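**Q** Under this note's numbering, the first residue of the sequence shown is numbered 11, with each subsequent residue one higher.
Glycine residues also receive a C-beta, built at the ideal position from the N, C-alpha and C atoms.
Source: prediction; values computed, not measured.
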Amino acid sequence: MFGRYFFILLLIPLICCVTSNQIYGQPAQDTEIKAEPSYPAYYGPKKSIAVTKFDNKVKGVYGNWDLGEGFAEMLTTELIKTGRFVVVERQALQDVVSEQELGQTGLVRKETAAKVGELLGANIIVRGVVSEFEMNESGGGGGLSIGGVRLGLSGSNAHVAVDIRLIDTNTGQVLHSHNAVGKARSSGVGVGLAKGNVDFNAEGFKKTPLGQAMRQSIHDAVSFITREMEAVPFTALVIKSDGNKIYINAGSAMNIKPGDRLDAYSKGEEIIDPATGLNLGSEEALVGTVEVIDIKDKYSIGNLLSEGGSLKRGDILKFR
11 MFGRYFFILL LIPLICCVTS NQIYGQPAQD TEIKAEPSYP AYYGPKKSIA
61 VTKFDNKVKG VYGNWDLGEG FAEMLTTELI KTGRFVVVER QALQDVVSEQ
111 ELGQTGLVRK ETAAKVGELL GANIIVRGVV SEFEMNESGG GGGLSIGGVR
161 LGLSGSNAHV AVDIRLIDTN TGQVLHSHNA VGKARSSGVG VGLAKGNVDF
211 NAEGFKKTPL GQAMRQSIHD AVSFITREME AVPFTALVIK SDGNKIYINA
261 GSAMNIKPGD RLDAYSKGEE IIDPATGLNL GSEEALVGTV EVIDIKDKYS
311 IGNLLSEGGS LKRGDILKFR
């Protein structure tokens, strides 16, 4: 018994060097740290998505942490790493729509979704809800609590879960949903978690069971989003047309290349469900093919190859 407490007391000077709002929990001696995933090379067009701040449904000691912002930032970083997406800047998203407009239910009004699509070019809005975020201490016996920070010889089980929804910016409807889960365990000598703010990108936090579980849930979410986005066609819009010369709102930043060909559709009347008022899409008439001939960073120029057809601002282009 004395030996256990003596060993714990040796750690006190280390803790005193760190303020309480900087202590996230040092990893125990045998924390399992999984390797970061590697993403295969991707050469196709990048689809544009917007990631909103996650809603936080977690209560208790972690309720003061800004989990919503932390999860959104981590997800954005991982989506960019895949090389498959252009993620709308968070500030640009906030400039267009407010958190109030996005609502707290995970649903998005058609008008709000349309603004994100038309003004920011995003095909999909990613919404998330942090539903579970907890760490349980177990076993070991013995321990010492100092200023709300617990030292002890015990194991830690961390569990994190987030609900992810993919929302169509054309209709505001939820296309797909998924519960992304992360779990991690450690045992040995550990330092408990403080109740203040936390830096989710700090190396110290990443190595804790909660940090590992959080990253696992993000990787699960990225796998889900990547898989479901395969079925979502790459789309761009006509900025303007000058005869057969077509200006497209996608350029090198979205991996568009000279010689790429896109099917061009004239956008017709919107189809509204009379029972629900939901926008079910719009009529589209195939006009022809546009071949890209000149590339800029944020837009490109193409030639409409079809004779007799014409395109206008807002018409739709889909990758072949």
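By the DSSP assignment, the alpha helix (DSSP H) with G333 in it spans what residues?
**A** Beyond the ends of the chain as shown, which are 11 and 330, falls residue 333; an answer cannot be given.
**Q** Are the beta-carbon atoms belonging to K328 and L272 less than 8 Å from one another?
**A** Closer than 8 Å, so yes.
**Q** For G261, which of helix, strand or coil comes out of DSSP?
**A** G261: coil per DSSP, three-state reduction.
**Q** Helix, strand or coil: which one does DSSP assign to E213?
**A** Helix at E213.
**Q** Please return the same chain residues whose Cβ sits closer than 7 Å to the Cβ of V97, not counting the five positions on each side in sequence.
**A** Hits under 7 Å: I59, V61, T86, L89 and I90.
**Q** Suppose contacts are defined by Cβ-Cβ distances below 8 Å. Is V302 in contact with I266 by that definition?
**A** Yes, the Cβ-Cβ distance between V302 and I266 is below 8 Å.
**Q** Output the distance between the C-alpha atoms of F95 and S320, rounded to the nearest integer angstrom.
**A** Distance between the alpha carbons of F95 and S320 is about 30 Å.
**Q** Per DSSP, which residues does D283 bridge with? Please list them.
**A** Note: D283 sits in no beta bridge, so no partner.
**Q** For R330, collect the residues of the same chain with a Cβ closer than 7 Å to its Cβ; drop the 5 residues on either side in sequence, then sort them by chain order.
**A** Correct list, in chain order: R271, L272 and D273.
**Q** Exposed or buried, what is P55 when buried is set at 16 or more other beta-carbons lying within 10 Å of its beta-carbon?
**A** With 16 or more other Cβ atoms within 10 Å, it is buried.
**Q** Provide the residue(s) that pair with D178 in DSSP beta bridges, ordered along the chain.
**A** Beta-bridge pairing links D178 to I134.
**Q** Please confirm whether N133 and T236 have their CB atoms less than 8 Å apart.
**A** Result no, Cβ atoms of N133 and T236 do not sit closer than 8 Å.
**Q** Please state whether DSSP places E79 in a helix, a strand or coil.
**A** In this structure, E79 counts as helix in the three-state DSSP scheme.
**Q** Do the CB positions of V139 and F234 come within less than 8 Å of each other?
**A** Not a contact, by the Cβ cut-off of 8 Å.
**Q** Kindly indicate which residue of I326, I305, L290 and E293 has the alpha-carbon position closest to the one of T299.
**A** For T299, the nearest C-alpha among the options comes from I326.
**Q** Between which two residues does the alpha helix (DSSP H) containing V96 stretch?
**A** Segment F95 to V97 is the beta strand (DSSP E) holding V96; no alpha helix (DSSP H) there.
**Q** For D65, which of helix, strand or coil comes out of DSSP?
**A** Three-state DSSP puts D65 in a strand.
**Q** Under a three-way DSSP split, which group does K308 fall into?
**A** Here K308 sits in coil by DSSP.
**Q** Rounding to the nearest angstrom, what Cα-Cα distance links F16 and Q226 in this structure?
**A** At F16, the pLDDT of 48 sits below 50, so the modelled position is not reliable and the matter cannot be decided from this model.
**Q** Should N180 and G291 be called a contact, given that it needs their Cβ atoms to be closer than 8 Å?
**A** It is a contact, given that the beta carbons lie within the stated cut-off.
**Q** Give every residue of the same chain whose Cβ lies closer than 6 Å to the Cβ of D304, excluding the five residues on either side of it in the sequence, and list them in chain order.
**A** If we look at D304 and ignore the five residues flanking it on each side, its Cβ neighbours are I311.
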